[in-house]
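Reading the sequence shown from the start, the letters are residues 5 to 100 in my numbering. Each residue gets a CB set at the ideal place from its N, CA and C atoms; glycine is no exception. Take a look at the structure set out below.
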Amino acid sequence: MEAKRLLENESMEKDTQSQTNIPFSMEKSTRTTDSTSTVAQKYEQIRKSPLYQGQLSYIKEFLIPNGSKLDVETLIERLDVSPDVAKLLLNDSLRG
């Protein structure tokens, strides 16, 4: 069943190539760039959020100076944030 679906997807991709005359590898790289920029935009929106700024300040002013354990799981538990936001907070707090 899975193999049949993969073959159908491959056939559809070939049809798309012939219609647009764009090499398949180039088409794939464009999609990857678009999704990467979308993720970057999402992270920028999160970073601009007042809630995010407050959480980052809390980490820098209270958790780091007190020697609290900083990892993704701790931030998820203490700040009630998603794993993605916890990773962003951890990276941003350690950057300076």
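If you drop the 5 nearest sequence neighbours on each side, which residues of the same chain put their C-beta closer than 8 Å to that of residue i?
i	result
Pro87	Val76 and Ile80
Leu93	Tyr56, Gln59, Leu60, Ile63, Leu79, Leu83 and Val85
Arg98	The residue you asked about is not Arg; residue 98 is Leu in the sequence shown. Within the same chain, Leu98 has close Cβ partners Leu74.
Taking C-alpha atoms, which residue in the options lies nearest to residue i?
i	options	result
Leu74	Tyr56, Gly58 and Asp96	Asp96
Leu83	Leu98, Gly58 and Ser41	Gly58
Asp90	Ile50, Phe66, Gln45 and Pro69	With the sequence shown as reference, residue 90 is identified as Ala, and Asp is not the correct amino acid for it. It is Ile50 whose Cα lies nearest to the Cα of Ala90.
In or out: residue i buried (at least 16 other Cβ within 10 Å) or exposed?
i	result
Ile63	buried
Once you ignore the five residues that flank residue i on each side, which residues in its own chain have a CB closer than 7 Å to its CB?
i	result
Leu67	Leu74
Tyr47	Leu92
Which runs of the alpha helix (DSSP H) spanning at least 4 residues fall entirely within the stretch 65-98, listed in chain order? 76-83
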